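A short write-up of the structure that comes next.
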Amino acid sequence: MDTALSETQELIRASIRDYLRREITFDRIRELESNGGYDEALWLHLGRSGFLALPFASPIGGGAGLVELGILVEELTRRASVAPLIETLTCAMCVERFGDPGLAGEIIPQVVSGGMRISPALLERDDRYDHAMLPFDGGAISGTKCFVDYAPSATHYLVSALDGGELVLALAEANPDNATLRMLDNISRLPQANVTFSRTPVRRVAGAEALHWLVGVNRVLSAVQRLGAAQQALEMTVDYVKAREQFGQPIGAFQAVQHHCANMATMVEACRFLTYECLWQMDEGAMDDRLVATAKNWAARTVTEVTMLAHELHGGIGVTEEYDLHFFTRRGKDRAVAWGSADETLRYLADTVGQQNSWH
Amino acid sequence: MDTALSETQELIRASIRDYLRREITFDRIRELESNGGYDEALWLHLGRSGFLALPFASPIGGGAGLVELGILVEELTRRASVAPLIETLTCAMCVERFGDPGLAGEIIPQVVSGGMRISPALLERDDRYDHAMLPFDGGAISGTKCFVDYAPSATHYLVSALDGGELVLALAEANPDNATLRMLDNISRLPQANVTFSRTPVRRVAGAEALHWLVGVNRVLSAVQRLGAAQQALEMTVDYVKAREQFGQPIGAFQAVQHHCANMATMVEACRFLTYECLWQMDEGAMDDRLVATAKNWAARTVTEVTMLAHELHGGIGVTEEYDLHFFTRRGKDRAVAWGSADETLRYLADTVGQQNSWH
Amino acid sequence: MDFAWTDEQEAYRQDVRQFASEVATQALFDEVRAGGAEGARGPLMRRAHQEIDRRGWLRMCWPTEYGGEAKSPWFQYILFAELHSAGVPYSLGTAGMIGPAIMTFGTEDQKTKFLPGIWSGEMRCALGYSEPNAGSDLASLRTRAVRDGDDWVINGQKLWTSGAHVSTHVWLAARTNPEAPKHAGISMFIVPLDGPGVTIRPVHTYAGWRTNEVFFDDVRVGGDALIGKEDRGWYIAANALDHERVSIGGYAELARSYEILLAHLREHRPELLAEPQVRVRLAELMVELHTVRALTLTNASIIARGETPTMQASMVKVASSEFRYHLGSAAMDLLGRYGPLSSASGELAPAEGRFDNLYRRSPILRFGGGANELQRSIIAQRGLGLPRQ
Amino acid sequence: MDFAWTDEQEAYRQDVRQFASEVATQALFDEVRAGGAEGARGPLMRRAHQEIDRRGWLRMCWPTEYGGEAKSPWFQYILFAELHSAGVPYSLGTAGMIGPAIMTFGTEDQKTKFLPGIWSGEMRCALGYSEPNAGSDLASLRTRAVRDGDDWVINGQKLWTSGAHVSTHVWLAARTNPEAPKHAGISMFIVPLDGPGVTIRPVHTYAGWRTNEVFFDDVRVGGDALIGKEDRGWYIAANALDHERVSIGGYAELARSYEILLAHLREHRPELLAEPQVRVRLAELMVELHTVRALTLTNASIIARGETPTMQASMVKVASSEFRYHLGSAAMDLLGRYGPLSSASGELAPAEGRFDNLYRRSPILRFGGGANELQRSIIAQRGLGLPRQ
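Protein chains in written order, with this note's numbering: chain H, 453 to 812; chain B, 453 to 812; chain F, 66 to 454; chain R, 66 to 454.
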C-alpha cells in the first residue's frame, strides 16, 4: 500500500499542470463560461499530448488506468477547465469494455484524436441514475433526457433507454434535426441542456451492466472533481491568509483561522484517499458500490464545507467576480450534487447498512 | 414576550440556589451516589420550604406553574442533587389533573409534606413511552416495568398498563412483598431498577390522555435537566479557563478556547429559550408535541456537546473523580437519553415533518 | 417569563399581516426580481414604504420627542417579521440603524433634516466602513476628513459599500485625528452621494449581487455632516450597530425559505418527501431553525427590556448565517440535479432559483457585518468575560 | 498509488489474523475486563505478548543491527490492526515508542539493557511528561535532575502518569538546565519505578480508568539513565512521538466497536435497525469511520515510505478521537434507555457496557497526547506553513 504517486503518475500530473498554468488563465475561463461552449484549444492539446488516449488499451490508447485519469481530472478541475473530458472518455471506455469490438474500433480513434465528444444522457425528469423510461425501439429513440452536461458541444450522446424490460445504452449522433436542446443555467455556469430526441437513429452499445459501470465511474470521477475544487480552494485560502494582514499580523496567525484551515485540510486529505482508492479498485476490475457511495458522500461534504470556509476566511474579496475562488465554490457545489449528492449517497448507504465490506 | 424571570421566579431561584450552595457539597453527592439512596435532608427541606407544594392548586399547593418548577429543577440539577423531585411531582400533578378528586385529596397532602415519593413506571423491555403491554385486571398488576428512576426510595409507583385495549395509569404501593427490584447501574450513578410486580394491588388513576401528558411533561423537565447540566458545565469551564495558565497566559485568552466557549454558550442560550417556552406553553394549557420534541432534541445535543467540550478545555483535571465536572457529563448523558434521546425525538420530528406549527 | 404577545401586539401583528398579504403580490415579487443584482427599488416597493411610513409603523417605537409613540421595540420586531414572512423585502437599508444614531447623537437641526426621509425610505444610506486594508480590523481605516473653515473635506476609498448605487447618502467613518490611537481618531459623517468628488464603481459578486467601491476625492461637506462629537465615531458606530439588532439575523425570511422548500417538495417532489431519510434532514433543519428563532427572540427580548445584549446579538448573527448556508446547501442536495439550477432556467428551477440564490449569498452573511469569528470572540469576551490575549 | 498489500504483507496478515483468532477467547476478554480500571495484565495477555515476541513479529520492523529484519512499518501496522480487530488489546504501552528512541539515541549498552525487555513486554514504561503546571505547555515542566558524580538525582512531581502502577519504568522528561530557555534545558531519562524515593499515588477518573501522580524525592539513578544528549530532551521526546504514529488513532479498535454496534442491533434490536432514520445515523457513522481509515492509512503510508508525516498524524489523532466520541454518543442515543447502562448492569447492558465505556473514555483521547486544539495548530503551522502568532 502506498498513497504516493508513482513516477509515471507524477509525470502526468506535472505535464498537464504545467500546460494549464502556462496556457489557461482564469480570464479565459470567464470568457468560456459566458459563451456556453468548451475550450477547443485545450481539447486540441489533450488530443495532441495523448491525454485523450490515456485510459484506452494500446496500441491506440495509452494503456493507463482510472487512477491516471483521476490525476488528469483533478488538475483540470483545479484550473476550472471547460472540457467534456470525463463525459467523453467514460462513454468511450464504456464502449470499449462492454460494446461490440467493431463499434469500439470505429469510435476510439475518433475520441483519441479529439474529433468526437460524447455526453452521457442518462437522466430523465425523475432524476434517477441506473434507470430509464425512454423507449428504445431497435433503431431509434424519442423522448427527453435531462441535465446533459456539455450537450451543446457534444458530437454524440450515450443514451440510456428501455428495450422491452431491459436497460440499454445506445449511441446517438448530436444532430440538431432530431435532437433539440433546451439550455439550462446552473450554478456551475457550465453548458448543460435537456435534450429531446425525436426518432433519432441510434446504435445499441450494451446493457444494464454497462450502465451500472458508467454511473459508477462517473460517480467517482465527479468525486475527484469535488476533491480538486476543494484542494484548490484550500490552497488559495492558505496563500491568502498568509498574505492578508489585519490587526498588525497575517490573519493566518490567528488560531481560529488556523483551525479552520486544519479542518479543511483534514477533510481534503481523507477525501483524496477515498476517491483514489475507488479508482484503483476499479482499475483492479472491482467496484464496491458502497465504497463509491462513501467516497462520493465525503467528497460532497468536503467541497461544500471547504469552499464555504474558504469564503469565510477570504471575506469580501472572495465573493467578487474578479477573484477566482467562486469557480470552485460554484463548480464544486454542482459536482457535489451531480452523480449522487451527499443526501442521495447517504440514503443508499443507509439502505445497505450492515452489508459486507471490501475495504482494509 | 419576555424571557426574563419575573420577581417571584427570581425569588424561587435565589432561595433554592442559596440553600444548595450553603448546605449541599459535592462530597455529599459522592456519598449519596455510592449508597444508592436519595438525599433525605434535601427532601425535608424541599417539603418544609414549600417547594414540594409549588405546582399544586392552592390552598394546599403553591399555585405556581411548570415554569417555576423548571427553575427549581434547573437549580437542583446544577448542584447534582439526588432527589426524585420531577418523578414525584409530575406523578402527583397527573393525579391532580386527571385523577379522581378524592384520590388527589388523599395523595397531594402526603406529597407536599414529603412523606410520599412516586416514581413513574412506564417503560417495558421494548423501551417505548406512550405504550404498555403489562395487563391491568382491575385491582392488580403483574409484570415487569423497566428503567424506573429512584425505584429504591419510592413509596409508590405510577404504572402504565393495558386495561383491555385501553392504556391506563395506576398507582401501586412500593411493597417489597409484591414489587421486587432488580437494580441497574447506569452512567448517571443514580438509583434505577427494573420493578417486577406480582399481583400488586393498584388503584386506577386515569387513561391514555394522562399518560400522554405525563410523558410530555417529563420530556420537557428532563430537557431542563439537560439544560441545567450544560449550563453548569459551561460556567465551570468559563471559570476554569479564566484561571488556568499555560504558555504564560490564561488559556481563556486563546481564540480556540474562546470560540469553543462561545459555541457552548450559544447552544445553551437556545436550549434555555426552547425548554422554558414549552413549560410556559403547558402552563397555558397547551402542549405541542413537536415543539416538545424540538426542545428535547436540542437539549440532548446541547448537553452532550457542551459537557464534551468542557472536558476538552479542562484537560486531565476534568475527568478525575475528585473534580466535579463528571457529575454533569454523566447525569447529562443519562438525561440526554431519558424520555426521548436526540435520535428518538428526531425520528418523531421526521415522521411529522410538514405538519402545522404553533410557534411564533 | 412570558412567551406570548400582548393583546396590543397581537392586534398590531394582525394589522401588519393583513397589510403584508395585500402588498405581497406576484407583481411585487416580479418587481423585486427585476431589480436583480442591482437591488433597485421599483414603484410597488416604494409605495409600500410610503404606506408603512404613513401609518407610522416604524416610528411608533421611537421616543415621543422625535415624533414616535415610545412603543416597545417588539412592535418594530413584529413589523419586520410579518413583512418578511410574507416575502416583502422591507428594509430601510442602513438608514434603519442610522436613524436611532441621529436621534441619540445628532443636533436638533440634523434630526429635522434627516429623520423624515429615513422613516419614509426616501433617504437611503450606504454603510461606509470597510476599506481595502480595514476589513475585520475596521479601526485601521485611512479615509481622511479634514476641517476647512466650517466645512469638512474628505479623501479616501471605501470598499464593500453595498447599495451605494441606489442610496442617497453614505454613513461614513473617516479619520479626523491621525495622531490619536487607532480607535480614537475616527468620526462619523453623513455624506450625500450625488455631490462632486464622489465616484461609485461597481464590484460584482458571484452571488449575483452588486457591491461598490466608493472614492472620495476632495469631497466637501458642511459642518452639519458630522454626527456626534469629533473623534467619537468609534463609539457612535458601535452604538448604531447595537440599535439595528432587534431584527438581526432575518429569522422570518429563513423560516419562509424553509416553508417554501417544504411546499416545493410537497407539490413537485412528493416521492422525495416520502423518503424517511429526506424527512430526517428536513427535521434537522427544522430544529436548527428553531434555535435561530430562540436566539432571535432572546436577543429581541433583551432589547425590548431596554437592556443591551452583551452576546445574544452575536449569537443570532452566527447561528442565522450558518443556518442560511445549511438550508441552501441541504435544499440543493435534496433536490438533486434540479438543486443547482438558477432562476435563469425558468420553470425548471425549484422555487424560482431561491435555494441556489440562498447558497451563493450565504458566505456574505458569514463574514459580513463582523465575521463570525469576531462574533465568537465578542461572545467569549463581552458575554462570558474571557480575557483578551 | 497502490491500495493493496503485497503478497508478503497479505501472508503475514493472515498469520497474525490466525494467531489473533486463537488468542481472542472469551477467557482473555474476561481477564482484560477483570483487570478493570487498574489495567493490570493477566497471565493470558502476558502469554500472548511473549508469543508475539517469540515470533519476532514486532522487532521485524526494526533495523537489522538491532536484531530486526528491517521490514516495512506496514508489518507493525498490520500486527496491531489485526490484533485489535480481533479485540486483543495488545500494546507495549509507552515502551512501543521508547524502543525506537533508544535505538536512535541510546548507547550500545542501553540498547542491550533495555530493548529485549521492551520487545517482550516485560519492561513497561509510563510516560512522565505532564506536571501540574505543564499540561499542554509541556516545556514549562519543573521536575529537576541534577548531576551528582556519575549519578543523577531527581526531584519533582509528574501528573497523569497513566499506567505507572503497572509499569516497571517511567520515561521521564526533567529539567537539567534551569538557565536555558524553556525548551532547551530538558533531558530524557529512563527511571525505574521500584526504587527509593518514588511514590505513586492513584488518581481515579470517572471514565473508570486509573491514572497517577508520581512523586520523585531525591531519586538517584545512574548515568546510563540519561537517554541521548543532556539538554536535548525536547527533540528526543518529539522524535519519540513521531515513531509511535504508524498505528496512531486506533482505527481497528474503532471499526470493531462499530461492527459490534451493528451486530448488537441485528441480534437484540432488529426493530431499531429496521428504522430508516437509525440506518441514516449508522451510515453517517460509517462514512466518518472511513475517513478515520483513510487518514490512518495515509499517515502510515508516509511513515512506510520513510518520510515524516508533517500533519497527517495530527489529522488521525483529531479525527479518530472525535469519531470515538461520536460513536459512543450515538450508540447510547440509538439504544435508548439501554444505552447508558454500564457493564455492572450485567446482561442488560448492551455489548457488555462497551458504548458507555467508549463515551466516558472519549474526552481523554481528545485532550490527551496533545489536545486536539494543539493538533490543529500543528496541522496549520507544520503542515500548511501558516505563521505563528
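Using N, Cα and C, we set each Cβ at its ideal position, and we do this for glycine too.
These figures come from a predicted structure and were not determined experimentally.
Which residues bound the beta strand (DSSP E) around residue i?
i        : result
F:HIS234 : 234-240
F:HIS333 : No beta strand (DSSP E) holds F:HIS333; the alpha helix (DSSP H) holding it covers 316-333.
R:PRO246 : Note, R:PRO246: premise wrong, no beta strand (DSSP E); not H, not E.
R:VAL256 : 251-257
R:ALA191 : 190-193
H:ILE593 : 592-601
R:ALA210 : 209-213
Enumerate in chain order the residues of its own chain whose CB-to-CB distance from residue i is below 7 angstroms, with the five nearest sequence positions on each side excluded.
i        : result
H:ASP578 : none
R:GLN377 : LEU360, THR363, ASN364 and ILE367
Excluding the five sequence neighbours on either side, which residues of its own chain have a C-beta within less than 8 angstroms of the C-beta of residue i, listed in chain order?
i        : result
F:GLY288 : ASP215, ASP216 and TRP217
H:LEU586 : GLU576, ILE593, SER594, GLY595, THR596, LYS597, VAL611, SER612, ALA613, LEU614 and PHE649
R:GLU96  : GLY107, PRO108, LEU109 and MET110
H:ILE476 : ASP491, LEU494, ARG531 and SER533
F:PRO138 : CYS126, VAL311, ALA365, ILE368 and ALA369
H:THR542 : PRO572, LEU666, VAL669, ASN670 and LEU673
So the alpha helix (DSSP H) residue i belongs to, where does it begin and stop?
i        : result
H:TRP665 : 660-695
R:TRP217 : Unbroken run through R:TRP217 is the beta strand (DSSP E), 216-223; no alpha helix (DSSP H).
H:PHE725 : 707-735
B:GLY768 : 768-771
B:VAL563 : 553-565
R:ARG310 : Neither: R:ARG310 is in no alpha helix (DSSP H) and is coded neither H nor E.
H:ASP470 : 459-475
H:VAL403 : Since the first residue of chain H shown is 453 and the last is 812, residue 403 of chain H is not available in this structure.
Could you please give me the residues that DSSP links to residue i through a beta bridge?
i        : result
H:ASN638 : F:LEU406
F:TRP274 : F:THR270
B:HIS608 : B:ILE570 and B:GLU625
F:ARG370 : In the DSSP output, where bridge partners are listed per residue, F:ARG370 has none listed.
H:ALA631 : H:PHE649
Leaving aside the five residues before and after residue i along the sequence, list all residues of the same chain whose C-beta is less than 6 angstroms from its C-beta, in chain order.
i        : result
B:THR632 : THR648
B:GLU498 : This sequence places Leu at residue 498 of chain B; Glu is not what is there. If we look at B:LEU498 and ignore the five residues flanking it on each side, its Cβ neighbours are LEU504.
H:ALA658 : PHE550, GLY551 and LEU621
H:ARG787 : SER674, GLN677 and ARG678
R:TRP225 : SER195 and THR276
R:ALA416 : ILE325 and HIS329
* Using a beta-carbon distance cut-off of less than 8 angstroms, what residues from the region 423-436 of chain F approach chain B? -> Of all residues in the region 423-436 of chain F, none comes within less than 8 angstroms of chain B when Cβ atoms are compared.
Please identify, using Cβ separations under 7 angstroms, the residues of the region 334-353 of chain F that lie next to chain R, in order along the chain. Those residues of the region 334-353 of chain F placed with their C-beta closer than 7 angstroms to a C-beta in chain R are PRO341, GLN342 and VAL345, ordered along the chain.
| Does the region 698-713 of chain H come within contact of the region 701-720 of chain B, defined as at least 3 CB pairs closer than 8 angstroms? | Output reads yes: the region 701-720 of chain B touches the region 698-713 of chain H.
**Asked** At a Cβ cut of 9 angstroms, what residues of the region 675-709 of chain H count as close to chain B, listed as they run along the chain?
**Response** Hits within the stretch, in order: PHE706, GLN707, ALA708 and VAL709.
Practice task
May I ask you to list, following chain order, the residues of the region 792-805 of chain H that have a beta carbon less than 7 angstroms from some beta carbon of chain F?
Solution key: For the region 792-805 of chain H, which is checked against every Cβ of chain F, the residues closer than 7 angstroms are SER793, ALA794, ASP795, GLU796, LEU798, ARG799 and ALA802.
*asked:* Check whether the region 800-808 of chain B and the region 340-355 of chain F are in contact - that is, three or more C-beta pairs closer than 8 angstroms.
replied: They touch, by the three-pair rule.
What residues in the region 99-129 of chain R bring their beta carbon closer than 9 angstroms to a beta carbon of chain H?
-> Cβ contacts with chain H: none found.
### Message
Is it the case that the region 725-744 of chain B contacts the region 513-527 of chain B, given that we only count it when at least three CB pairs across the two stretches are under 8 angstroms?
### Response
At 8 angstroms Cβ cutoff, the stretches touch.
Item to complete: Would you check if there are 3 or more beta carbon pairs closer than 8 angstroms linking the region 398-408 of chain R to the region 247-261 of chain R?
Response: Using a Cβ-Cβ distance cut-off of 8 angstroms, the region 398-408 of chain R and the region 247-261 of chain R are not in contact, since fewer than three pairs of beta carbons, one from each stretch, lie closer than that value.
Is the region 261-278 of chain F in contact with the region 419-439 of chain F, if contact means three or more CB pairs nearer than 8 angstroms? With three or more CB-CB distances shorter than 8 angstroms, the region 261-278 of chain F counts as touching the region 419-439 of chain F.
- Item | Validate contact between the region 156-169 of chain F and the region 177-193 of chain F using beta carbons, cut 8 angstroms, 3 pairs | In the pairwise beta carbon analysis, the region 156-169 of chain F is classified as touching the region 177-193 of chain F: at least three pairs are separated by under 8 angstroms.
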